[in-house]
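Asker: Just so you know, the protein sequences line up as chains A and B, in that order. Take 1 as the starting number for the first sequence in the working numbering and just add one per residue. Take 136 as the starting number for the second sequence in the working numbering and just add one per residue. The beta carbon of each residue, even a glycine, is placed where N, CA and C say it ideally should be. The structure that follows is given in the form of structure tokens.
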Amino acid sequence: MSDTKNFMFLNRRAPYGTIYAWESLEVVLIAAAFEQNVSLMFVDDGVYELTKGQDTTGIGMKNFSPTYRTLGDYEVRHMYVDKASLEARGLSADDLVQVEWEDWETEESVDNIVEVVDSDRVAELLDESDVVFSF
Amino acid sequence: MSDLHTVNKSPFEKNSLESCLRLSKSGSAILLYEDGVYGALKGTAVENMIASVVGDRKIYVLGPDYKARGLDETRIIDGVEVVDYAGFVDLVEANDKVQAWV
Chain A
1 MSDTKNFMFL NRRAPYGTIY AWESLEVVLI AAAFEQNVSL MFVDDGVYEL
51 TKGQDTTGIG MKNFSPTYRT LGDYEVRHMY VDKASLEARG LSADDLVQVE
101 WEDWETEESV DNIVEVVDSD RVAELLDESD VVFSF
Chain B
136 MSDLHTVNKS PFEKNSLESC LRLSKSGSAI LLYEDGVYGA LKGTAVENMI
186 ASVVGDRKIY VLGPDYKARG LDETRIIDGV EVVDYAGFVD LVEANDKVQA
236 WV
């Protein structure tokens, strides 16, 4: 019963314009609660999910971007961002939120689990995953 | 009088902006809103599409949608004007009709 799988959540949609980004986040939280190894991958317009400084007061929608910053507390250990997608959109790592991670038992910690990776690494990470959930 | 064209899709996901720019007349107004606002940021792979028509057409971006997406307001393409909801209404009123590129 203690079968743990490597779950990869592949996010390719911008937030707010459609419901995909928010739905992905919901499923990520569920998977993490079931103690699976959860990683997130942001490709294409999915990189927009992580922009910092989102302010939705003017559009009457819930700003769910602060939730990404709590994912470290749900034992999400890796958040990967496709470099090519980021660059095509005129963005860099500086434009993205930072997500801290800490192991409460060993006190091992990482300042920022958001990692920008190249295409080959993206392909490798997707290939290595047991299951890929696409949003 | 001319038309107001609206684009609400990301230029990286759909060709709505591209078609709008190709098929709108000189002098018309184009408003980017919802995911269309991503086209207004400088330094992107589609920047030149917008930059090349600024002057020939009037390009607007809806501020609340731009802000919601965490984009830097100091990095909007030169010549693109930010409007609020009242400005959106003014544009609708000032033009013959609205054509949506959904």
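Alpha carbons only, please: which of B:K149, B:S163, B:S151 is nearest the one belonging to D138 (chain B)?
Answerer: In the second sequence, the residue the question calls residue 138 (chain B) occupies position 3. Measuring from the Cα of D138 (chain B), the nearest candidate turns out to be B:S163.
Asker: Quick check on F34 (chain A): buried or exposed, where buried means 16 or more other Cβ atoms within 10 Å of its Cβ?
Answerer: Taking the first sequence and counting its residues from 1, the one referred to as residue 34 (chain A) is at position 34. Exposed, because fewer than 16 other Cβ atoms sit within 10 Å of the Cβ of F34 (chain A).
Asker: Under 8 Å, Cβ to Cβ, is there at least one residue of chain B near T51 (chain A)?
Answerer: Residue mapping note: residue 51 (chain A) aligns to position 51 of the first sequence, counting from 1. True, the Cβ-Cβ gap to chain B drops below 8 Å.
Asker: For T57 (chain A), report the span of its alpha helix (DSSP H) as first-last.
Answerer: By one-based count along the first sequence, residue 57 (chain A) stands at place 57. No alpha helix (DSSP H) holds T57 (chain A); DSSP gives it neither H nor E.
Asker: So which residues of chain A does L206 (chain B) contact, with C-beta pairs closer than 8 Å?
Answerer: In the second sequence, the residue the question calls residue 206 (chain B) occupies position 71. The contacting residues are T51.
Asker: Let me check understanding here. Comparing Cα to Cα, which of A:S85, A:F64, A:L40 lies closest to Y16 (chain A)?
Answerer: Residue 16 (chain A) sits at position 16 when you count from the first residue of the first sequence. Looking at the Cα atoms, A:F64 is the closest of the given residues.
Asker: Could you tell me whether any Cβ in chain A is nearer than 8 Å to the Cβ of L152 (chain B)?
Answerer: For this step, residue 152 (chain B) is matched to residue 17 along the second sequence. Cβ-Cβ to chain A under 8 Å: no for L152 (chain B).
Asker: In this structure, how does DSSP classify T141 (chain B) when only helix, strand and coil are distinguished?
Answerer: Here residue 141 (chain B) is taken as the residue at index 6 of the second sequence, counted from 1. Here T141 (chain B) sits in strand by DSSP.
Asker: Would a check of beta-carbon distances place A31 (chain A) closer than 8 Å to chain B?
Answerer: Within the first sequence, numbered from 1, the residue matching residue 31 (chain A) stands at position 31. Not closer than 8 Å to any Cβ of chain B, the Cβ of A31 (chain A) fails to qualify, so no.
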